[in-house]
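Under this note's numbering, residues 11 to 228 are what the sequence shown spells out, in order. All residues carry an ideal CB built from backbone N, CA and C; glycine is no exception. This report refers to the structure that appears directly beneath it.
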Amino acid sequence: MDKENTTAQPPFERITPPSAGTMACKRAFDMVCSFLGLAILSPILLTVSVLVGVTSPGGVFFRQVRIGKDGKPFRIFKFRSMRKDNAGLKITTGNDSRITPVGRFLRKSKVDELPQLINVLVGDMSFVGPRPEVADYVDLYTPYQRQVLQVRPGITGLASIRFRNENDLLTASSDPNRTYIEKIMPRKIELDLEYIPHASVFYDIKLIFQTFAAVIKE
């Protein structure tokens, strides 16, 4: 009998996913808070929409396909902070010439992320979780790293807080894409995997407040 030609996968540590009850509570929290957030922040959202539209041609929103829970693609929403012809790296550095003057402020203040409340409301994302990556980067994940896809991606999270200086690190690199893939992305994934077993509404609230504190500090 011929031996089956298979490539054995090396063993890796299994990350315990949140329970169904925890996920249901997180989803209820996300739905209520994203709806209230969109309603309360609607004047700011409208003002920023007009500001982006009149200062840079090309539409108000940046939409890009990212990979979400269980590897399902979805289209993420952000306020557009770059020129319409923004072909190039899928990551941005601090001195990226594609970023508009208004976009630079939106990025620094994280206001460009507010439209992701729509993604949270419809269920593509959560307030807290791993930041969603584009397919090209997810394709590089090891089986161990792919465990970050067990939960919905988030607007913020441990990796987002710890790597708020990511653009500075990339700016200092002679090869930003390689630096991201080899140094930054693996560390961010480790932090995201660290979050998953501890995910809960209370922990999410704690990380949301830590995110606000980090933004105010800058």
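Would you list the residues sitting across from residue i in a DSSP beta bridge?
i	result
residue 157	In DSSP, residue 157 forms no bridge with anything.
residue 75	85
residue 109	92
residue 164	136
Compare the C-beta of residue i with all C-beta atoms of chain D and state if any pair is closer than 8 Å.
i	result
residue 162	In the structure shown, chain D cannot be found, because there is only a single protein chain.
Give every residue of the same chain whose Cβ lies closer than 7 Å to the Cβ of residue i, excluding the five residues on either side of it in the sequence, and list them in chain order.
i	result
residue 176	194
residue 172	201
residue 36	136, 209, 211, 214
residue 120	225
residue 12	Only weak support exists for where residue 12 lies, its pLDDT of 46 falling under 50; the coordinates are left without a value.
State buried or exposed for residue i, treating a residue as buried only when at least 16 other CB atoms are found within 10 Å of its CB.
i	result
residue 227	exposed
residue 55	buried
residue 58	buried
residue 140	buried
residue 42	exposed
residue 142	buried
residue 216	exposed
residue 46	exposed
residue 106	buried
residue 222	exposed
residue 82	exposed
With distances taken between CB atoms, is the gap from residue i to residue j smaller than 8 Å?
i	j	result
residue 39	residue 214	yes
residue 174	residue 224	yes
residue 218	residue 137	yes
residue 93	residue 71	no
residue 130	residue 44	yes
residue 134	residue 84	yes
Skipping 5 residues on each side, what residues in its chain have a beta carbon closer than 6 Å to that of residue i?
i	result
residue 25	157, 203, 206
residue 27	160
residue 63	70
residue 154	22
residue 183	189
residue 116	89, 91, 122
residue 68	94
Sorted by chain position, which residues of the same chain lie with C-beta nearer than 8 Å to residue i's C-beta, five sequence neighbours on each side aside?
i	result
residue 61	112
residue 66	90, 93, 94, 110, 112, 113
message = If contact is defined by three or more beta carbon pairs under 8 Å, each pair taking one atom from either stretch, is the segment 206-215 in contact with the segment 156-164?
response = With the cut-off at 8 Å, the segment 156-164 and the segment 206-215 touch.
key: the segment 45-65 in contact with the segment 74-82 per 3-pair CB rule at 8 Å   = Judged by Cβ distances under 8 Å, the segment 45-65 makes no contact with the segment 74-82, as fewer than three pairs qualify.
Meets three-Cβ-pair contact criterion under 8 Å: the segment 114-132 and the segment 31-38 = No: the two stretches stay apart, fewer than three of their Cβ pairs being nearer than 8 Å.
message = Check whether the segment 164-172 and the segment 187-202 touch, using three or more Cβ-Cβ pairs below 8 Å as the test.
response = As far as the Cβ criterion goes, the segment 164-172 touches the segment 187-202, which means the pair count is three or higher.
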